[in-house]
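Residue numbers (the working numbering): 160 to 880. Each residue gets a CB set at the ideal place from its N, CA and C atoms; glycine is no exception. This structure is a prediction, so every number in the text was calculated from the model and none was measured. In what follows, a single structure is set out as structure tokens and then discussed.
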Amino acid sequence: MKTTQFSIPDMHCASCVLNNEEALKAVSGVSAVSINFATRGASVTYDDAHTNEHALHEAVRKNGYTVVSEHEGHVHAVDDVRRSKNRAFLALFLALPAAILAMGGISFGTTLAGIDISVWIQALLSSIVILVIGREFHIRMLKQLRVFRADMDTLISVGTLSALALSVWSLTRGDVASLYFETGAIITGLILLGRYFEALSRGKASAAIEKLMALGAKTARLIHEDGSEEEIAIEKIAVGSRIRVRPGEKIPVDGTVLSGLSSVDESALTGESMPAEKKVGDTVFGASINQRGSLEIRAEKIGADSVLGQMVKMVGEAQSAKAPIQKLADKISSVFVPVVILIAIGTATLWYFVGGASLVESIVPAVAVLVIACPCALGLATPTAIMVGTGAGARRGILIKSGESLEKGRGIDTVIFDKTGTLTVGHPLVTDIRAVEGVDEKELLVNAASVEKLSEHPLAGAVVRAAEDTGLAIPSAENFMSESGKGVEARVNGALIKVESVGSASAQNISFGSLAIQIETWESQAKTVLVVTKDGALIGLCAIADAVKPEAKTAIAALTKRGIRSVMITGDNQRTAEAIAREVGITEVHAQVLPQDKLKEVKALQEAGRKVAFVGDGINDAPALAQANLGIAMGTGTDIAIETGDIVLVQGSPLKAVEGLALSQRTFRIIRQNLFWAFGYNSAAIPLAALGLLNPMIAAGAMALSSISVVLNSLRLSRDT
């Protein structure tokens, strides 16, 4: 059995998904089909002894749709945002004057062929909107007709064309009282606006994958057999190649250190702010940054086999594995559309043959059925609620990307928090200072900062920031020396100041005295302790840690109160993880977790029946954010995490995750109410139109009122937040 994946970019509703799934399942040898409406991605498992990829693609094409590769699908989604926006706003720009002229009964007093110029303007503008800008609906209707199927595009096409055709017919007869040009134009514009919001959401997801793919190094410094070095394209590196990575350069591939000693910033992959010390025999990963010493590495994994390559693959798989997003309007449309068309045909037939009406008199109630059923309110139900809900969220620093994001927020019962940058600030800070008796703490900090100011180590930066934030003047230091893994030293105002690790100080027989207990306490809290000496005598200690965000504990308590279980996950060591968890009130902790294992933890909870929200900020969190029922990204984090998340917390506060869940659930309730009333309006109005109690103009007015009710209901979100 084989599995192939491709994109079907021109799907616009759940009916499209169902139609293509049926077409693919009908191909001999196909055992499983999964089509993701959100990403337009299809995954098909088939027996290559009975069929092939070409046959699968042909089945989709014969069904009236386009097939492109996954990569082309991502590019198409990004481009589709621009195209959808242009079509929507151009359609509304042209439709609004026609609507104003028609509904306002405006007359210019100048006629052409006996008809006021304002009517000709309505006809021209509406025809451009319906036939040119909205041509995609009619093309899709014809394609669906060819295979005897119908979807929402069919209803939109038939309704708008019927309104246009009846108006043209009335115009030729001089009956200006039966013109419905603006009705079809407004419907077209509003539906295109809804399509733009959908395209905007898809473009964000595609941009995330593109950025992730672009994260790796583009070149590598290859070491030849004779020892010479050459900078070449990353694609030319083979497994086993020797590569030189200089300080400040990005490591191009996964490999093993052959020579050198350095600190490597792996935060892009692990999310951990503390650099990893690398020596001979250690493993390094592509996309991480060499901070200090020169490294010679042997390439072990390249391209798709690297950790970065696997992350790209995991994000794509997690997105495509999700069940198709089935908006209520689209679910019902598979039955609603053909039923409405049959009712319209039946209406015209009965009026003509049974009611004794003329052909025109029979068509009018049929068009009224199509107009009243045309999904104007349905088209507004989701976009208006999204606009109001996202606007309310934006004022509170919560960005909700789409209606799909809102749907994903339903029923969340478990929230997994990444530690670094999510529950903690994401970079090392001086949390405690303790000086020996007779030494002022400010003097201790000034001496330590003077030496550390010459060091490039992240811990050194924390000490310098602490002194600067306190407003202390930092004197210059001389004769600076650094010994990797031990510490730094320099002369400050003539005195030899050393800042070193506890282990290094112990090896030099530095006596800690009563501060030994303090060291044990800080280390039990997963803090890094720096020992500061002056001319060989201990003057004090500095404790450094990735501090917990002030509101983290409140956020966990709020989730617990709502009956939501909190879990912490991190690539950090077990002791550090447990210390942070205790501080914020989390009892379930998963430590030393690799990026791919974060995704596995999410899957495990989902398989156990839990609905999981994942809160993270790092590139390494992207697969888990994509896999979770709801991905919540910290806006202070990486672009990749932000693009992959369904909700973005601009301020990076974990407390906003609680507010985001509440807002998403409240907004989704409004969308469901909008859809209920929109369908309820259709269900009640269609029989009235069929009985001739609603002419198309009244039907258009009723449709407008239903749209207004949807908008007003959506505006409640703004008042509630």
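Query: Starting from Thr826, trace the alpha helix (DSSP H) both ways and give me its first and last residue.; Result: Pro813 to Ala849
Query: Taking 7 Å as the threshold (C-beta atoms), are Ser422 and Arg451 in contact?; Result: yes
Query: Can you tell which of Leu697, Lys693 and Ala702 has its C-alpha closest to the C-alpha of Glu679?; Result: Ala702
Query: Should Val623 and Glu611 be called a contact, given that it needs their Cβ atoms to be closer than 7 Å?; Result: yes
Query: What are the boundary residues of the beta strand (DSSP E) that includes Gly646?; Result: Gly646 to Val651
Query: Helix, strand or coil for Gly419 per DSSP?; Result: coil
Query: Just reading off the beta strand (DSSP E) that Glu600 is part of, what are its end residues?; Result: Note, Glu600: premise wrong, no beta strand (DSSP E); alpha helix (DSSP H) at Glu600 to Glu611.
Query: Express the C-alpha separation of Ile669 and Ala696 in angstroms, rounding to a whole number.; Result: 7 Å
Query: Pick helix, strand or coil for Ser193, following the three-state DSSP scheme.; Result: strand
Query: For His216, count neighbouring C-beta atoms within 10 Å of its own C-beta (all shown protein chains included) and say buried if the count is 16 or more, exposed if not.; Result: buried
Query: Does Leu283 pass the burial test, meaning 16 or more other C-beta atoms within 10 Å, or should it be called exposed?; Result: exposed
Query: For the beta strand (DSSP E) that contains Glu390, what are its first and last residues?; Result: Glu388 to Ala392
Query: Exposed or buried, Lys757, counting other C-beta atoms within 10 Å across all chains shown (16 or more means buried)?; Result: buried
Query: Grab me the residues of Leu718's own chain with a C-beta within less than 7 Å of its C-beta, minus the 5 sequence neighbours each way, in chain order.; Result: Val574, Ser725 and Val817
Query: I'd like to know whether the C-beta atoms of Ala594 and Gly699 end up nearer to each other than 7 Å.; Result: yes
Query: Among Ile830, Phe671 and Leu290, which has the Cα closest to the Cα of Leu871?; Result: Ile830
Query: Check Tyr355 in the structure and name its three-state DSSP category.; Result: helix
Query: Quick check on this structure: which residue in Ser453, Ala821 and Ile461 has the alpha carbon closest to the alpha carbon of Arg405?; Result: Ser453
Query: Touching or not, the region 822-839 and the region 734-741, by the rule of three or more beta carbon pairs under 8 Å?; Result: no
Query: Give the single residue among Ser868, Thr713 and Asn732 whose Cα lies nearest to the Cα of Ala685.; Result: Asn732
Query: Starting from Ser665, trace the alpha helix (DSSP H) in both directions and tell me its first and last residue.; Result: Val661 to Ala666
Query: Shortest alpha-carbon distance to Glu802 belongs to which of Ser812, Gly775, Gly440 and Val743?; Result: Gly775
Query: Using a 10 Å radius around the Cβ and a threshold of 16 neighbouring Cβ atoms, would you call Glu648 buried or exposed?; Result: buried
Query: Straight-line CA distance for Val547 to Leu874?; Result: 6 Å
Query: For the region 245-252 against the region 288-303, are there 3 or more C-beta pairs whose distance is under 8 Å?; Result: yes
Query: Kindly give me the distance between the Cβ atoms of Val530 and Thr506, rounded to whole angstroms, as I take these residues to be in contact under 8 Å.; Result: Not quite, the Cβ-Cβ distance comes to about 12 Å (not below 8 Å), so this is no contact.
Query: Measure the C-alpha to C-alpha separation of Asp424 and Leu753 and round it to an integer number of angstroms.; Result: 16 Å
Query: Among residues of its own chain, excluding the 5 on either side of Glu766, which ones have a beta-carbon nearer than 7 Å to its beta-carbon?; Result: none
Query: Which residues does DSSP list as the beta-bridge partners of Asp577?; Result: Ile728
Query: How should Ser329 be labelled, buried or exposed, when 16 other C-beta atoms within 10 angstroms of its C-beta is the threshold for buried?; Result: buried
Query: My parser needs the beta strand (DSSP E) runs of 3 or more residues fully inside the region 702-749; what are they?; Result: 724-728 and 747-749
Query: Between Met170 and the rest of its own chain, which residues show a CB-CB distance below 8 Å, the 5 nearest in sequence each way excluded?; Result: Val176, Asn179, Ile194, Phe196, Arg199 and Tyr224
Query: According to DSSP, which residues form a beta bridge with Leu454?; Result: Val404
Query: Exposed or buried, what is Ala261 when buried is set at 16 or more other beta-carbons lying within 10 Å of its beta-carbon?; Result: buried
Query: Taking only the alpha-carbon atoms, compute the straight-line gap between Gly811 and Lys377 and give it to the nearest angstrom.; Result: 31 Å
Query: Looking only at its chain, what residues have a beta carbon closer than 8 Å to the beta carbon of Thr918, apart from the 5 residues adjacent to it on each side?; Result: What the structure shows of the chain is the stretch from 160 to 880, and residue 918 is not part of that stretch, so it cannot be assessed.
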